[in-house]
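**Student:** Taken in order, the sequence shown gives residues 0 to 255; the numbers are from numbering that gives the first Met the number 0.
In this text, a Cβ means the ideal position worked out from N, Cα and C, and glycines have one as well.
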Amino acid sequence: MAKLDVHQFPCLSDNYGVLIHDAEQDVTASIDAPDAKAVEAALAARGWKLTHILTTHHHADHTAGNLPLKARTGCTIIGPRAEAAKIPGIDRPVADGYRFPFGSHDVAVLDTPGHTAGHISYWLPADGIAFVGDTLFAMGCGRVIEGNAQMMWQSLQKLMALPQETLVYCGHEYTQANARFALTVEPENAALRQRAKQTDELRAVGKPTLPTNIGIELKTNPFLRASVAAIQKRLGLEGKPEWQIFGEIRERKNRS
Ligand SMILES: [Fe+2]
C-alpha cells in the first residue's frame, strides 16, 4: 500500500479542509469542501489534482465548494445516501458498511447520524485514520441538530470502538471552547487539565489542535465519558442510561 499524504488547512472562520493524496496512483480527495478557493489553493501549493470529494454531511460549510470544484476538475463526489438530495453534485451515495478504494487505500463508511440525520464518517482502517466531520471534535462533539441524544450517542460509540491510535480529523477548530466546558464537567480529570493547557499554548501561537486520536478523546472528552461515576454524580444522574448522561452533557454545553 502506498503512503497516504494528508494535508490539513484552516478555512472559513473555524473550519478545517483536508486533502488526502496517493502519489502512486495520483489521486487526491478533499474531505468535504468548505470553500472552493481554499481547496484550490491547497491543491496548487502541492501540485495535486483533485479527483474526489468525500462529503460527510450536507451543511453549507462542508459542501459550498462541491459544484465549483466539480465544474473545474470533473472530480467524483461521494457522500451520504441518506441526505443525497441535499449534497450538491453527488455522484456516489454511500452508507454504513460500504467500502471503496481510494488509490490503493481502503475506505470504510460509518453512519454517524445525530448532527444531521444522514451524517457519515470515513475510516481508512489500514492507514489508521478517520474523518468524522461534525460528529466528534477534540474534547467535544457536534450539536445534535437533526437527530436525538440516543442517536448521537450511538454514533459516538461507533467512533469510540475504533482502535485507540486512530488519527481523527474533525470539521472545526473548536478545541479551546470545548476544553473550557469540559473542565466544568470533570474538573478533577488531570489528563483533561493538562490537555486544556496544551491547547491554550498551541492556539496562542496559531497552531492547530487537530488531528486528535481516539485514545486521547476517551481520556479527556466528557461527551465520551458518560460511564464515569464522578461525572454521573456531578450531573445528579447516577445509574441512568449512558445516552441520557450524554444528552445532559450536550444540553449543558448548548447553554454554556
Ligand atoms: Fe455541520
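1) Start and end of the beta strand (DSSP E) containing D60?
2) Measuring straight from C-alpha to C-alpha, what distance separates D126 and V5?
3) Return the residue from the list D90, G113, P112, I213 that minimises the CA-CA distance to K69.
4) Just checking my contact of D21 with S103 at CB under 8 Å: how many whole Å lie between their CB atoms?
5) For the beta strand (DSSP E) containing A273, name the first residue and the last one.
6) Would you say the beta carbon of H340 comes nearer than 6 Å to a heavy atom of ligand 1?
7) Count the other CB atoms, across all protein chains shown, that sit within 10 Å of the CB of N188; report buried if there are 16 or more and exposed otherwise.
8) Along the chain, which unbroken stretches of the beta strand (DSSP E) at least 3 residues long are found entirely within the stretch 107 to 177?
9) With three or more C-beta pairs closer than 8 Å as the rule, is the stretch 32 to 39 touching the stretch 61 to 77?
10) Using the C-alpha atoms, what's the distance from Y168 back to G16?
11) How about D133: is its Cβ closer than 6 Å to a heavy atom in ligand 1?
12) H56 and T115: beta carbons closer than 7 Å?
13) When you compare the stretch 210 to 225 with the stretch 134 to 148, are there three or more beta-carbon pairs, one atom per stretch, that lie closer than 8 Å?
14) Which residue marks the beginning of the alpha helix (DSSP H) containing P100, and which one marks its end?
15) By DSSP's criteria, I215 is part of a beta bridge. Which residues make up the other side?
16) From which residue to which residue does the alpha helix (DSSP H) around V17 run?
17) If you reduce the DSSP assignment to three classes, tell me which class T183 lands in.
18) I'd like to know whether the C-beta atoms of S255 and F136 end up nearer to each other than 7 Å.
19) Could you check if N14 is buried or exposed, using at least 16 other CB atoms within 10 Å of its CB as the buried criterion?
20) Which class does G235 belong to by DSSP, given the choice of helix, strand or coil?
21) Quick one: Cα of M159 to Cα of R224, how far?
22) In the structure shown, what three-state DSSP assignment does D34 receive?
23) So does H104 have its beta carbon nearer than 6 Å to some heavy atom of ligand 3?
24) Quick one, which of V227, A176, D95 has its alpha-carbon nearest R202's?
25) Please classify E247: is it buried, with 16 or more other beta-carbons within 10 angstroms of its beta-carbon, or exposed?
**Tutor:** Per the coordinate set shown:
1) It is not in any beta strand (DSSP E) - D60 instead sits in the alpha helix (DSSP H) that spans 59 to 62.
2) Approximately 11 Å, taken between the alpha carbons.
3) Of D90, G113, P112, I213, the residue nearest in Cα terms is D90.
4) Indeed, because the Cβ distance is near 6 Å, the residues count as touching under 8 Å.
5) Because residue 273 is not part of the residues shown, which for the chain are 0 to 255, the question remains open.
6) The question about residue 340 has no answer, for the chain in this structure spans 0 to 255.
7) Classification for N188: buried.
8) DSSP runs (the beta strand (DSSP E)) wholly in the stretch 107 to 177: 119 to 123, 128 to 130, 166 to 168.
9) Yes, they touch.
10) Taking the straight line joining both Cα atoms gives about 10 Å.
11) D133 Cβ: within cutoff of ligand 1.
12) In contact: H56 and T115 (Cβ atoms closer than 7 Å).
13) Yes, since at least three Cβ pairs between the stretch 210 to 225 and the stretch 134 to 148 fall closer than 8 Å, the two stretches touch.
14) For P100, there is no enclosing alpha helix (DSSP H); the residue is part of the beta strand (DSSP E) that begins and ends at 98 to 101.
15) Listed as beta-bridge partners of I215 by DSSP are no residues whatsoever.
16) Unbroken run through V17 is the beta strand (DSSP E), 14 to 21; no alpha helix (DSSP H).
17) Three-state result, T183: helix.
18) Cβ distance not < 7 Å, so S255 and F136 don't count as in contact.
19) By the neighbour-count criterion, in which a residue is buried when 16 or more other Cβ atoms sit within 10 angstroms of its Cβ, N14 is buried.
20) For G235, the secondary structure class from DSSP, reduced to helix, strand or coil, is coil.
21) Taking the straight line from one Cα to the other gives about 10 Å.
22) It is coil, neither helix nor strand.
23) Ligands in the displayed structure: ligand 1; ligand 3 is not one of them.
24) Per the Cα distances, A176.
25) Buried.
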